Structure formats: structure tokens, C-alpha cells
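Structure, rendered in C-alpha cells:
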């Protein structure tokens, strides 16, 4: 099913957006640490995230998941190896692959609307009126129409997350990277947003790299789960999650789901022991 | 402002303030140790109403001191904010000039008085310079810290959305630093008054500091108290004005839940 969908271009609120795979090829990255010399986070790591799929990268905190996201987004560059989008290697950050940060990165001094239209406006892709129209459309879709003129600090945690997803989507990126986007939210809000993001993905089939430390979140959302181990960070296992789409929370009590869960837990424990 | 006063002033507060003036009055009348030369509150009020409320010289002292504070404060902002931004954003510039800055920073503003008088051609300019020094270092350090505390996510997000450097500076970096500029302003205005009053006592023949000092020199304790109260009031008013400006600079802070 995923293969068939891979041929379609996705549609983000009426505008076509091209999709592409995103990859790391033999990437090494180390950081200087004040007390431990250099820390080798990645060594010869190669991962290929195919287009139009929802890839979930899962691992314990501190295993280098965020670093993986930052490399893909181009915020940091590899010491060795390449990061690429579609057929081409990429170096700097750019609007074709956007990352939604773990903690809110909305600019507190701009209203929600100004936050959302920032991208199209600074690139001059659209005139101000068009950008505003598109932003208002997205905000309405995301249930934030009444909050366009509020500042981010006036929004609840869940609303902030939705505003940030809108802020990225308006740029029609080829790849969305989400770095533990729902962390720190209460359980209810979290589940609502998971379903929300799932609906959005199933509608658009936008290539997504979703980083999380929660197994249940991973299983519920993913086409593929990449289980990550640390020191140096590597992919221990890739699980193809062949659960029917569109999904809802009922899937979490199915036999298949539980089998995947068992396999993933087994893999995670192995990584702890090794 | 009135609301704020009301919320901090309940009946206990009124009793305490009344008690304060009563004790002051009694201490003077009974000539308790140290209070023999002191003016009591009634004498101060009498003196103020009779000789100062309509006196141009007195009100001119207000204007003079306010001018000095204003110039010192504005120059400190004018030079301090860009310097703080440069220290924060330009590594070469920081490596070159920050050590000199750090060398001069621990010198208290009043230690600059004699040199300032030697250096500047007029008395007025030397006092403004000392006032400037008082606020300048605090502002630079605050802005510099503000730049260093900018969330990297805020910059990364703007870069990934394709913002050119100029836009990143104007729309992301500057607004991020505004809260630090505001802290620098609050601290700056307070120290500016401290410094201007001391400088006027040491090296000037005008201003509220001088007025207060003259009260002492001419053995008219009423004047001394009038001067002190005037200075307190002037500092209070300046802080209020600065706070108003700050909240105008940060509209997103006013609406915080």
C-alpha cells in the first residue's frame, strides 16, 4: 500500500507539494565536550528514508536522535559523509526540509499569524496578501483561526504545537522532521495531536521523519520504525509496521500491534544489555 | 500606579507611615541623640511651602538633574546597545576589545570624577560623562548576555525558512535581545540617579544633589530633607517612565497569561 502511494504527489491544503526521500550516507559526527574530550555521536551511519512514508526514529533519550534530526535539517553538518534530499546531497538548512522542534520555537514577539507567514514572506514567494490568505486557511484548518492575532504565550501547549506544524507546512516542504513534538504535553492533548498528525499524514502522504522516545507513539504512527542504539548511534532494527490505514486508536488493541510491540521491546532490551 | 499603592497600602501601612512621621517628629522635639540638629516634618513642610514651592531656583535644580540623567542615560543606551550587540555577534571584535572593556568595568563610576573633570572642557559635560559611565557598563553587559542567550532554535528556524542574514538580525536577534535591553534600562536608570547625585555633591554648583549638600553646608536641615525627598521622587518618576517605555517595547509581554 505504501509503495503505491509513493508515486503520488501529496496535497497540502490545495497546493501540490513534491515529495522526496531524505538520507544520510556514511555520516560521522563528533562533538567536543568540556569534560569527556570528544564524543563520537555517529560513525559511518547510513539511513535512507523513502518518500511518502512516515518514518519513526525511536530510541532512549541521549542516543543522538535529535542530532540525527539536526543533521537532516542541515542545522549541523557531518564531519564526514553526506546528507541528501532526493538525488542530491544538501548542506545548509532550507525550506524544503523543515524541523519542528522539541520545545516550542515559535518567536514569542510575533503573533501566531506573523509566525506562520514568516517563511513565505521572507523568501518573497508570495505577495503579502496571498501569504496571509494561505496562513489563515491553514490556521482555520488547524482550529486556530481565532488565535491568529494572539502571541504564542497566550496559547496552550497543544495549540502551540499545531501552530508550529502550520508554520512549517505553509512552506510546502518536501520532508517534515518532527523532533519529539508532543513531548511534555498531557496525555489527552498528546493523543489528540497524534491522531491529528496521523490524519494529516494520511491525507498528504508527506515524507516524515518523526523522532520519539515513546514506543506506543511510534507504533501508532509509523510505516517504519527505526530503533536506535547509542555510542556510537546506530540503527539496531527497522520494523515495517504493516497496520491498516487510516488508523485510529482501536489499532492499538489488535494482535498485530501487540506483536510489533513485543518485537520492539525485545530489540530495545537487547540494546540496553549490549 | 494608584492601584499598586492601594494594594500595598492597607490600614497597617497607613499606621506605619503615620508612626514613622510621629517618631521622627518626637525625636526632633525631644532632641534625642543625633536629632538635635535635625528638622522635624512640620518644619520641612513649612519651609517647602514658604520658600521652595514657588522658587525658580528649586525647580531649576529638578530640571538640571533630570537633564544630566537623561543625557547620561541616553548616551549610555546609544553606545551601549550597539557595543553589546557587537560583542555578542562578532567574535573578532570581542576578542579585540572585550579585555579592555573588562579592565575598565570594575572601576566605580565615582572614581572617574577627577579624571572626568580634567578631561572634559565644561563641568556639565564631565558630570554627564560620569552619569554615562554609571549606566554604560551595565547596559553593555546585559545586551551581550542577551545575545548569548538567544535560543539557537529561534535562529535555526529562521535560517531554515530561508531568511537572509539582515532579516535574521532585525526580526529574530534584535527582538530576542529587547528583554535584556529592558533589564539594562531598569538597572541603568537607578544607577544613573545614584551617580548624578554624588557627582553633583562633589563637583557641581547646581542640581538636586547640590541643593541637598547646600542644606548641610548652610546648616539648614529643612533644605537637606527637601532635597532628599525630591531626589527620591525624581528617581521614582524616572523608573515609572522607563517601565512604561519597556512595556511598549515588549507588547508580547503585556499579554502574558
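Chains as they are written, first to last, in this note's numbering: chain A, 934 to 1207; chain B, 4 to 260. Virtual Cβ for every residue (Gly too), placed ideally from N, Cα, C. This structure is a prediction, so every number in the text was calculated from the model and none was measured.
Next item on the list: Report yes or no: is there a C-beta of chain B within less than 7 Å of the C-beta of residue 952 of chain A?
Entry: Counted from its first residue, the first chain places residue 952 of chain A at position 19. Chain B, which has no Cβ nearer than 7 Å to the Cβ of residue 952 of chain A, makes this no.
Next item on the list: Could you give the DSSP three-state label for residue 987 of chain A: helix, strand or coil?
Entry: To locate residue 987 of chain A, count along the first chain from 1; it is residue 54. Strand, per DSSP.
Check: Who are the Cβ neighbours of residue 984 of chain A in its own chain at under 7 Å, not counting the five residues just before and after it?
Finding: Within the first chain, residue 984 of chain A is the residue found at index 51, counting from 1. Closer than 7 Å at the Cβ level, and outside the excluded window around residue 984 of chain A, lie 939, 952, 953, 954 and 1140.
Check: In chain order, what residues of the same chain lie with their CB nearer than 8 Å to the CB of residue 1188 of chain A, ignoring the 5 residues before and after it?
Finding: Indexing the first chain from 1 puts residue 1188 of chain A at position 255. Once the five neighbours on either side are set aside, residue 1188 of chain A has no close Cβ partner at all.
Note to self: Which residue wins for smallest C-alpha separation from residue 1035 of chain A, given the options A:1097, A:1125, A:963 and A:969?
What the structure shows: The count along the first chain starts at 1 and reaches residue 1035 of chain A at position 102. For residue 1035 of chain A, the nearest C-alpha among the options comes from A:1097.
Checklist line | CB contact below 7 Å: residue 16 of chain B versus chain A | finding: Counted from its first residue, the second chain places residue 16 of chain B at position 13. No, residue 16 of chain B does not count as interfacial toward chain A.
Margin query: Quick check: the Cα distance between residue 1146 of chain A and residue 1107 of chain A, rounded to an integer number of angstroms?
Written below: Taking the first chain and counting its residues from 1, the one referred to as residue 1146 of chain A is at position 213. Taking the first chain and counting its residues from 1, the one referred to as residue 1107 of chain A is at position 174. Approximately 24 Å between the Cα atoms of the pair.
Next item on the list: Report yes if the C-beta distance between residue 134 of chain B and residue 199 of chain B is below 7 Å; otherwise report no.
Entry: As a first step, residue 134 of chain B must be located in the second chain, where it is residue number 131. As a first step, residue 199 of chain B must be located in the second chain, where it is residue number 196. Contact: yes.
Next item on the list: List the residues of chain B that residue 1130 of chain A touches, going by C-beta distances under 9 Å, in chain order.
Entry: Taking the first residue of the first chain as position 1, residue 1130 of chain A is located at position 197. Going along chain B, no residue has its Cβ under 9 Å from residue 1130 of chain A, so there is no contact; the nearest lies around 19 Å.
Checklist line | Minimum C-alpha distance to residue 916 of chain A - residue among A:1197, A:1016 and A:1064 | finding: Within the shown structure, residues of chain A are numbered from 934 to 1207, placing residue 916 of chain A beyond reach of any answer.
Margin query: As an exercise, report each continuous alpha helix (DSSP H) stretch of at least 4 residues that is fully enclosed by the region 115-151 of chain B, in chain order.
Written below: 116-122 and 126-151
Item checked: chain B contacts from the region 1051-1072 of chain A (Cβ-Cβ distance under 8 Å) -> 1051, 1052, 1055 and 1056
Check: Secondary structure at residue 956 of chain A, three-state DSSP: helix, strand or coil?
Finding: On the first chain, residue 956 of chain A is found 23 positions in, with the first residue counted as 1. Strand at residue 956 of chain A.
Margin query: Suppose the cutoff is 7 Å on Cβ atoms and the five residues either side in sequence are ignored; what does the same chain contact list for residue 1237 of chain A look like?
Written below: A query on residue 1237 of chain A cannot be resolved here, the shown segment of chain A reaching from 934 to 1207 and no further.
Check: Under the three-state reduction of DSSP, which class applies to residue 1101 of chain A: helix, strand or coil?
Finding: In the first chain, counting from the first residue as 1, residue 1101 of chain A sits at position 168. Helix at residue 1101 of chain A.
Item checked: C-alpha gap between residue 1129 of chain A and residue 1175 of chain A, whole angstroms -> Stepping through the first chain from its first residue, residue 1129 of chain A is reached at position 196. Stepping through the first chain from its first residue, residue 1175 of chain A is reached at position 242. Whole-angstrom Cα-Cα distance: 20 Å.
Check: So is residue 62 of chain B buried or exposed if we call it buried at 16+ other beta carbons inside 10 Å?
Finding: Here the question's residue 62 of chain B lines up with position 59 in the second chain. Burial call: exposed.
Next item on the list: With a 10 Å radius around its C-beta and 16 neighbouring C-beta atoms as the bar for buried, classify residue 110 of chain B as buried or exposed.
Entry: Residue mapping note: residue 110 of chain B aligns to position 107 of the second chain, counting from 1. So residue 110 of chain B ends up on the exposed side.
Next item on the list: Run down chain A in chain order and give the residues with a C-beta less than 9 Å from the C-beta of residue 185 of chain B.
Entry: Walking along the second chain from the start, residue 185 of chain B turns up at place 182. Residues of chain A passing the Cβ test: none, with the nearest at roughly 12 Å.
Item checked: DSSP-derived helix/strand/coil call for residue 992 of chain A -> Along the first chain, one-based indexing puts residue 992 of chain A at 59. Correct three-state label for residue 992 of chain A: coil.
Next item on the list: Would you kindly work out how many angstroms separate the C-alpha atoms of residue 171 of chain B and residue 1051 of chain A, rounded to a whole number?
Entry: The sequence position of residue 171 of chain B within the second chain is 168, counting from 1. The sequence position of residue 1051 of chain A within the first chain is 118, counting from 1. Spanning the two alpha carbons is a distance of roughly 11 Å.
Next item on the list: Determine whether the Cβ of residue 146 of chain B lies closer than 7 Å to any Cβ atom of chain A.
Entry: To locate residue 146 of chain B, count along the second chain from 1; it is residue 143. No, because no Cβ of chain A sits closer than 7 Å to the Cβ of residue 146 of chain B.
Checklist line | Distance between residue 237 of chain B and residue 69 of chain B (C-alpha atoms, nearest Å) | finding: By 1-based counting over the second chain, the position of residue 69 of chain B is 66. By 1-based counting over the second chain, the position of residue 237 of chain B is 234. Each residue's Cα considered, the two are about 8 Å apart.
Check: When you compare only the Cα positions, how much space is there between residue 1193 of chain A and residue 86 of chain B?
Finding: For the purposes of this step, residue 1193 of chain A is identified with residue 260 of the first chain, where counting begins at 1. For the purposes of this step, residue 86 of chain B is identified with residue 83 of the second chain, where counting begins at 1. Rounded to the nearest angstrom, the two C-alpha atoms are 58 Å apart.
Notebook entry, point to check: Are the region 20-27 of chain B and the region 1194-1203 of chain A touching by the rule of at least three beta carbon pairs closer than 8 Å?
Noted result: no
Margin query: Can you check which of these residues, B:36, B:43 and B:71, is closest to residue 194 of chain B by C-alpha distance?
Written below: The sequence position of residue 194 of chain B within the second chain is 191, counting from 1. Per the Cα distances, B:71.
Margin query: Please return the same chain residues whose Cβ sits closer than 8 Å to the Cβ of residue 1078 of chain A, not counting the five positions on each side in sequence.
Written below: Looking up residue 1078 of chain A in the first chain gives position 145. So the list reads 1069 and 1072, once near-sequence residues are dropped.
Check: Among B:81, B:39, B:201 and B:148, which has the Cα closest to the Cα of residue 115 of chain B?
Finding: Within the second chain, residue 115 of chain B is the residue found at index 112, counting from 1. Closest option to residue 115 of chain B, Cα to Cα, is B:201.
Checklist line | Opening and closing residue of the beta strand (DSSP E) in which residue 1032 of chain A lies | finding: Working through the first chain from its first residue, we reach residue 1032 of chain A at position 99. Taken as a continuous stretch (DSSP letters only), the beta strand (DSSP E) holding residue 1032 of chain A covers 1030-1033.
Next item on the list: Give a yes or no on whether 7 Å exceeds the smallest Cβ distance from residue 180 of chain B to chain A.
Entry: Taking the second chain and counting its residues from 1, the one referred to as residue 180 of chain B is at position 177. Chain A, which has no Cβ nearer than 7 Å to the Cβ of residue 180 of chain B, makes this no.
Checklist line | Spatially closest choice to residue 77 of chain B from B:192, B:155 and B:151, by CA coordinates | finding: Counting from one through the second chain, the residue named residue 77 of chain B turns up at place 74. Ranking B:192, B:155 and B:151 by Cα distance to residue 77 of chain B puts B:192 first.
Check: Is residue 215 of chain B buried or exposed, if buried means 16 or more other CB atoms sit within 10 Å of its CB?
Finding: Position 212 of the second chain, counted from the start, is the residue given in the question as residue 215 of chain B. With 16 or more other Cβ atoms within 10 Å, it is buried.
Note to self: Can you pull out the residues from the region 78-104 of chain B whose beta carbon lies closer than 7 Å to at least one beta carbon of chain A?
What the structure shows: none
Check: Relative to chain A, which residues along the region 104-135 of chain B have a C-beta separation below 8 Å, given in chain order?
Finding: none
Item checked: Helix, strand or coil at residue 1127 of chain A [DSSP, three-state] -> Within the first chain, residue 1127 of chain A is the residue found at index 194, counting from 1. Three-state DSSP puts residue 1127 of chain A in a helix.
Check: Residues in its own chain within less than 8 Å of residue 107 of chain B by CB, not counting five upstream and five downstream?
Finding: The residue given as residue 107 of chain B occupies position 104 in the second chain. Excluding positions up to five away in sequence, the list reads 140.
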